[in-house]
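In order, the protein sequences belong to chains A, B, C, D, E and F. Residue 39 in my numbering sits at position 39 of the first sequence; the count goes up by one each step and never skips. One gets my numbering by counting positions in the second sequence from 1 and adding 65 to each. One gets my numbering by counting positions in the third sequence from 1 and adding 130 to each. One gets my numbering by counting positions in the fourth sequence from 1 and adding 195 to each. One gets my numbering by counting positions in the fifth sequence from 1 and adding 260 to each. One gets my numbering by counting positions in the sixth sequence from 1 and adding 325 to each. Glycine is no exception: its CB is placed at the ideal position from the N, C-alpha and C atoms. These notes are about the structure you will find just below.
6 protein chains.
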Amino acid sequence: MPIVFVEMWEGRTIEQKKKMIQGITKAVTSSLPGLPPEHVQVILRDYPKHNWSKAGKLASEPDFA
Amino acid sequence: MPIVFVEMWEGRTIEQKKKMIQGITKAVTSSLPGLPPEHVQVILRDYPKHNWSKAGKLASEPDFA
Amino acid sequence: MPIVFVEMWEGRTIEQKKKMIQGITKAVTSSLPGLPPEHVQVILRDYPKHNWSKAGKLASEPDFA
Amino acid sequence: MPIVFVEMWEGRTIEQKKKMIQGITKAVTSSLPGLPPEHVQVILRDYPKHNWSKAGKLASEPDFA
Amino acid sequence: MPIVFVEMWEGRTIEQKKKMIQGITKAVTSSLPGLPPEHVQVILRDYPKHNWSKAGKLASEPDFA
Amino acid sequence: MPIVFVEMWEGRTIEQKKKMIQGITKAVTSSLPGLPPEHVQVILRDYPKHNWSKAGKLASEPDFA
């Protein structure tokens, strides 16, 4: 009964989200034999770039790498 | 000092949220004797339905079950 | 389809956990009319006290309040 | 820079975990054109079945469905 | 490769967020010798006050303490 | 009332954890004027390296970078 949370930047289209969700769902069922897809939940958490950082630099800053 | 996170769809009223929070708080203190309610935090995370899925289907799709 | 995560100290018995889970499940269905209990998942995250802190003090320290 | 958390029951082999991780990583890069795999992190959270529930029933109970 | 999530009320300025992120990043690298700041990610999760509670009281209520 | 979760590899000493927790607590109070340290909670989540990955490679593998 895996539950998958994806932490990501906001701004993706619903089509991109759907493709990601379907791919992840399939990846999970493929790796756990016998697990029906109905037992896989995938949930997306969107973040504005100014709430996300690496090395002390906000993802909204121009030189974020 | 339990902290409870509820992952749920957006769209609930504040009254519904408050009732849920109070019920959960009481359920936690009832199961842990001696725990004062001041030590229970409940936090709600709201999601748009297109960020939530089961079996590769978005909760925003008409045939989501 | 709420999913509830409870962050708590390790050491509770399975009986205590079950009572807490049942109470939270009921609190959630009571606050969201029409939601069947089958759509409520409650998951517990246990922590050793030395991984938990408030005011810079570990919960494993004798003067943690 | 997506970060993926998978909440799942403990007991999977490292081979199963690795296969799942590789599948999820590929699913994420496939859905977000231009995203290099180095920017995808997948992290697994294992739970004992008695910490996981649905409909107020522990996953460790014989009639958990 | 620590990843830090800060759960907090919405309403902070980007300057406050940046200062917090830089301070946390430095605190993490200071405590783990040899860890380069590029390996520290800090991500903020903002909540409206009516999604946050203690002792069954919403943080949006006037007598929340 | 910020709550901070640090996702990290297992194996740190309690002294390292305490230093990290104290540094993060101070970083949070410094960035939010008027916030007393009693309102800052820091919680650590430890992971075995084989539950952590980047670019589809487990952190337990010799060539993980």
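Exercise for review: Under 9 Å between beta-carbons, which chain F residues line up against C/Leu188? List them in chain order, please.
Suggested key: Ile339, Lys342, Lys343, Ile346
Check your understanding: How big is the Cα-Cα spacing for B/Ala124 and A/Gln22?
Key -> 13 Å
Point to revise | Closer than 8 Å to chain D by CB, C/Pro163 | key: no
Practice item. Report the three-state DSSP secondary structure of E/Val264 (helix, strand or coil). Key: strand
Check your understanding: Can you list the beta strand (DSSP E) stretches of 3 or more residues lying completely in the stretch 276-310 of chain E, in chain order?
Key -> 301-307
Practice item. Tell me whether the beta-carbon of A/Pro36 lies closer than 8 Å to the beta-carbon of D/Glu202. Key: No; because the gap between Cβ atoms is not below 8 Å, this pair is not in contact.
Review point. Would you call the stretch 339-358 of chain F and the stretch 303-310 of chain E in contact, with 3 or more CB pairs under 8 Å?
Key: no
Point to revise | Chain-order list of residues whose beta-carbon lies under 8 Å from that of D/Thr224 (same chain, five-residue window excluded) | key: Correct list, in chain order: Leu230, Pro231, Pro232, Val235.
**Study point:** C-beta atoms of A/Leu44 and A/Lys17 nearer than 8 Å
**Key:** yes
Check your understanding: Relative to the C-alpha of F/Gly336, which residue among F/Lys379, F/Leu357, F/Asp371 is closest?
Key -> F/Asp371
Check your understanding: Hey, does E/Pro327 have any beta-carbon neighbour from chain A nearer than 8 Å?
Key -> The first residue shown for chain E is 261 and the last is 325, placing residue 327 of chain E beyond what the model contains.
Review point. From the beta carbon of C/Trp139, is the nearest beta carbon of chain F less than 8 Å away?
Key: no
Review point. Thinking C-alpha only, which one of E/Phe265, E/Pro293, E/Glu275, E/Ile274 is nearest F/Thr338?
Key: E/Pro293
Practice item. List the endpoints of the continuous beta strand (DSSP E) containing C/Ser190. Key: Element bounds for C/Ser190: n/a, residue is neither H nor E.
Check your understanding: Between E/Ala325 and C/Lys184, what straight-line distance do the alpha-carbon atoms span, to the nearest angstrom?
Key -> 16 Å
Point to revise | Residues of its chain near A/Val4, where Cβ-Cβ distance is below 6 Å and the 5 sequence neighbours each way are ignored | key: Ile24, Val42
Practice item. Can you give me the Cβ contacts of A/Asp63 inside the same chain, cut-off strictly under 8 Å, excluding the 5 residues immediately before and after it? Key: Lys57
Exercise for review: Please decide whether F/Pro307 counts as near chain C, where near means a Cβ-Cβ distance under 8 Å.
Suggested key: This structure does not reach residue 307 of chain F, given that chain F is present from 326 up to 390, and the question cannot be answered.
**Study point:** Proximal chain C residues relative to D/Ala222, where beta-carbon distance stays under 9 Å
**Key:** Neighbours of D/Ala222 on chain C: none; closest Cβ ~21 Å, over 9 Å.
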